[in-house]
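Okay, so the sequence shown: first residue is 329 according to the working numbering, each after it adds one.
No residue lacks a Cβ here, since even glycine has one placed at the ideal position from N, Cα and C.
Worksheet for the structure shown next.
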Amino acid sequence: MSILAYGDTNVLIQGITGGQARQHTKDMLEYGTRIVAGVRPGSGGDQVYGVPVFNSIEDACHEHRIDASVLFIPAKAVKESALEAMNNGIRLLVIVTEHVPLHDAMGLLEEARKRGVTIIGPNTPGLISPPERTKLGFVPTLYFRPGFVGVASRSGTLTYELVSRLTAAGLGQSTVIGVGGDRIVGLRFSSVLKLFEEDPNTKAMLLVGEIGGTMEEEAAELIARGEIRKPVFVYIAGSTAPEGQRIGHAGAIIAGAGSSVHSKVAVLRQAGVQVGTTIAGVIEMMKENLR
């Protein structure tokens, strides 16, 4: 089993006629994702790889049950497009777009919180559930295999690296989620841990963190309170980053004493979490404990 996305999840693609959206729609369909509709104003009646295109989400929802939407939308239009999806009852949004204006993201996430809508991203490669043969976003499928490890990461490329090594070690995955690299994202590590804890087929979890922000500390607090009982392993990137230097993502910047790799590792270890200081180290640690 997996979390959030399943084989019978009906998916909408917003902005489906754009170049990137077309390619990733094809990739998602080939993997097995159940894409039932796309939206692009003015393109209603067209098809993209057999997927019907509608002028509005309202029109698409009139013809199909829609469970989730993947947004391939320019940054300045993300807020309006996501609100349109929420107004039509879609409960899971995957926002792959980066550089969404900060205040737009803040307003959007507050609205999602009020409505009980789950948002993954912005600035995410999406999620993939290998046992269900479904993915929402542009995660490359070749590294992933069905299994019992749940993975949540702030970095797309680090996700692929760590998952490829997990697979090589014989440790498949239940669901892998890129939570997003922006300063503000919808689904945080603590929420993902709770979902994996409730999933009977997820037996262990791997968090891939970075410098900056407080997601790793929130996860540590959750674990220290005893709310997560399954084994959690962590790798945090950025051990050599100097203070004030942003690496990679908008959210990856050491802005205070509590946002460095060393401070995060200390808090996590105090909570009883097994932390690997290198990519190879955390994979070896998981092999020793899980096989």
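In angstroms with no decimal places, state the Cα-to-Cα distance between Ala532 and Glu555.
-> Note on geometry: alpha-carbon atoms of Ala532 and Glu555 lie some 14 Å from one another.
On a CA-only basis, which of Gly346, Ile385, Gly370 and Ser481 is nearest Val273? Give me that one, please.
-> Given a span of 329 to 619 for the chain in the structure shown, any question on residue 273 remains unanswerable.
Are Leu623 and Ala548 closer than 8 Å when you measure CB to CB?
-> Outside the displayed span of the chain (329 to 619) sits residue 623, for which this structure offers no information.
Just tell me which of Lys354, Phe476, Arg441 and Gly372 has its CA closest to the CA of Pro559.
-> Phe476
Along the beta strand (DSSP E) that carries Glu538, what are the first and last residues, could you check?
-> Unbroken beta strand (DSSP E) run through Glu538: Ala532 to Glu538.
Would you call the region 521-538 and the region 464-473 in contact, with 3 or more CB pairs under 8 Å?
-> no
Do you know whose CA, among Leu464, Ile564 and Gly540, lies nearest Ser397's CA?
-> Leu464
Cβ of Gln602 within 8 Å of any chain C Cβ | As a matter of chain content, chain C is missing from the structure shown, which is built from one protein chain.
What separation, rounded to the nearest whole angstrom, lies between the Cα atoms of Val601 and Met329?
-> 24 Å
Go ahead and label Glu690 buried or exposed: buried means 16 or more other beta carbons lie within 10 angstroms of its beta carbon, across all protein chains shown.
-> Examination of residue 690 is not possible in this model, given that the chain is present from 329 through 619 alone.
Selected residue, minimal CA-CA separation from Gly370, among Met356, Gly346, Glu391 and Tyr359 | Gly346
For Tyr334, the first and last residue of its enclosing alpha helix (DSSP H) | Per DSSP, Tyr334 lies in no alpha helix (DSSP H) and is assigned neither H nor E.
Would you kindly work out how many angstroms separate the C-alpha atoms of Val513 and Ile607, rounded to a whole number?
-> 24 Å
To which residues does DSSP link Pro380 through a beta bridge?
-> Paired residue(s): Gln375.
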